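Chemist:
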Amino acid sequence: MTAALTGDPAVAPAAPPPTALRRALPLLAAPVAFFVAFFAVPMVVVLSSSLMAGGAPSLANYARVLLDQYHWDVLAVTFRIAALTTLAVTLLGYPLAYYLVRVVSSNALRRSCVILLLLPLFTSNIVRSFGWMILLGRNGLVNDTLVGVGLLERPVRFLGTETGIVIGLVYILLPFIVLAVGNALATVDPTLEEASADLGSSPFTTFWTVTFPLCLPGLIAGVIMVFTLAASAYVTPALLSGGKITVFPMLIFQQYSTVFDVHYGGALSITLLVFTLVLVALAGRIGNGGGNRS
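Have a look at this one:
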């Protein structure tokens with residue numbers, strides 16, 4: 001970057017000393033082996049099985065997926081639920097993260113709030129989803145509260161609807177966006193906000209022109225994390241849908257556990273992965289653009 005600014009010819013960076021490289025290799029061996037064994041190899045197995053049909057290489061499984069309107073409808077439902085979950089988590093998580101980082105001055109209170117936020121993560125998704133099945137029932141706490149305060153005249157049906165699934169996913173995924181945004185906000189120098197205020201900017205203007213752009217990369221990272229987890233969620237949609245709504249992970253699970261069609265299940269898995277990666281790449285480009293502008 002210095003060479004580009006000064007106009008001097010670019011100098012190639014010096015290669016790391018061989019001794020330092022040899023020292024780093026043992027440290028890299030374990031993570032690389034873990035990545036290959038538990039990610040690369042399973043992905044190769046799934047991809048290879050998806051390209052087989054009738055004992056021969058074929059794209060028939062992908063044609064079966066992509067040429068059937070039913071799969072497109074399920075994919076649309078899956079990404080709609082993931083998008084609504086991500087939007088709700090962002091709207092709830094960003095103010096909470098801002099409150100914890102900028103408003104709460106006591107370190108002990110902040111740590112206590114973070115512990116309370118993370119505590120549900122130590123409980124299985126199955127247990128939490130069953131809990132929401134009880135809370136969202138027609139005679140559950142949610143309906144009783146809404147009717148009791150006069151917001152509803154009669155209980156409404158949450159279970160078996162996309163709304164119920166979104167509520168369950170928001171509860172499960174909220175900590176991820178709070179941690180991502182909170183870490184980004186913690187790196188923003190408060191003196192920049194003070195300088196903006198000294199120059200006559202209102203708190204609203206300071207937030208949108210200083211604070212928000214600087215923590216946007218962290219927000220984008222949290223959004224990507226939440227969206228991918230919501231799009232690949234199986235337990236919560238399966239339990240809260242009551243069999244009335246199908247998402248793509250449920251189709252994949254059915255093929256592997258019930259039908260035992262690993263080739264078709266592999267094609268479904270790769271299809272969901274590719275579409276998710278495309279959306280994540282688009283979000284990443286938006287995040288990089290925001291980071292460059294900031």
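Here the sequence shown stands for residues 1 to 294, numbered as in full-length UniProt numbering.
By construction, the Cβ of each residue, glycine as well, lies at the ideal position given by its N, Cα and C atoms.
The model shown is predicted, which means the values in this text are computed figures rather than measured ones.
In this structure, does DSSP put Val280 in helix, strand or coil?
Modeler: Helix at Val280.
Chemist: With which residues is Ala267 paired in a DSSP beta bridge?
Modeler: Looking at the DSSP assignment, Ala267 forms no beta bridge with any residue, so it has no partner.
Chemist: What runs of the alpha helix (DSSP H), each 4 residues or longer, lie entirely inside the stretch 63-132?
Modeler: Runs found: 69-98 and 107-118.
Chemist: Which residues in the same chain have their Cβ closer than 8 Å to the Cβ of Leu100, if we skip the five residues on either side of it in sequence?
Modeler: Closer than 8 Å at Cβ, skipping near neighbours: Arg110, Cys113, Val114, Val178 and Gly182.
Chemist: Quick test of your reading: Gly164 and Leu240, contact by CB under 8 Å. State the CB separation rounded to the nearest angstrom.
Modeler: Rounded, the Cβ-Cβ distance is 5 Å, consistent with contact.
Chemist: Using the Cα positions of Val41 and Val235, report the straight-line distance between them to the nearest angstrom.
Modeler: When rounded, the distance between both Cα atoms is 25 Å.
Chemist: Which of the three DSSP states, helix, strand or coil, is assigned to Ala233?
Modeler: Ala233 falls in the coil class under three-state DSSP.
Chemist: Could you check which residue in Pro213, Val210, Ala238 and Leu214 has the C-alpha nearest to that of Gly168?
Modeler: Nearest option by C-alpha distance: Ala238.
Chemist: Closer than 6 Å by C-beta to Ser294: which residues in its own chain qualify, once you throw out the five before and the five after it? Chain order, please.
Modeler: Caution applies to Ser294, whose pLDDT of 49 falls short of 50 and renders its modelled position unreliable; the model cannot decide the point.
Chemist: In the DSSP assignment, find the unbroken alpha helix (DSSP H) run with Pro42 in it and report its ends.
Modeler: Unbroken alpha helix (DSSP H) run through Pro42: Val41 to Ser50.
Chemist: Tell me whether the beta-carbon of Leu173 lies closer than 8 Å to the beta-carbon of Ala83.
Modeler: Contact: no.
Chemist: Assuming Leu51 and Pro57 are in contact, meaning their beta carbons sit under 8 Å apart, how far apart are those beta carbons, in whole angstroms?
Modeler: Rounded, the Cβ-Cβ distance is 6 Å, consistent with contact.
Chemist: Take Ser129 and list the residues in its own chain whose beta-carbon comes closer than 7 Å to its own, dropping the five residues that flank it on each side.
Modeler: Closer than 7 Å at the Cβ level, and outside the excluded window around Ser129, lie Gly168, Val235, Thr236, Leu239 and Leu240.
Chemist: Which residues mark the beginning and the end of the alpha helix (DSSP H) in which Asp144 is found?
Modeler: Element bounds for Asp144: Leu141 to Gly148.
Chemist: What is the DSSP secondary structure of Pro57, reduced to helix, strand or coil?
Modeler: Looking at Pro57 - three-state DSSP - the assignment turns out to be strand.
Chemist: Determine whether the Cβ of Pro175 lies closer than 8 Å to any Cβ atom of chain D.
Modeler: Absent from the structure is chain D; it holds one protein chain and no more.
Chemist: What is the C-beta distance between Val170 and Val77, in whole angstroms, given that I count them as a contact (C-beta under 8 Å)?
Modeler: 17 Å between Cβ atoms; not a contact.
Chemist: Who are the Cβ neighbours of Ala283 in its own chain at under 7 Å, not counting the five residues just before and after it?
Modeler: Excluding positions up to five away in sequence, the list reads Ile220, Val223 and Ile224.
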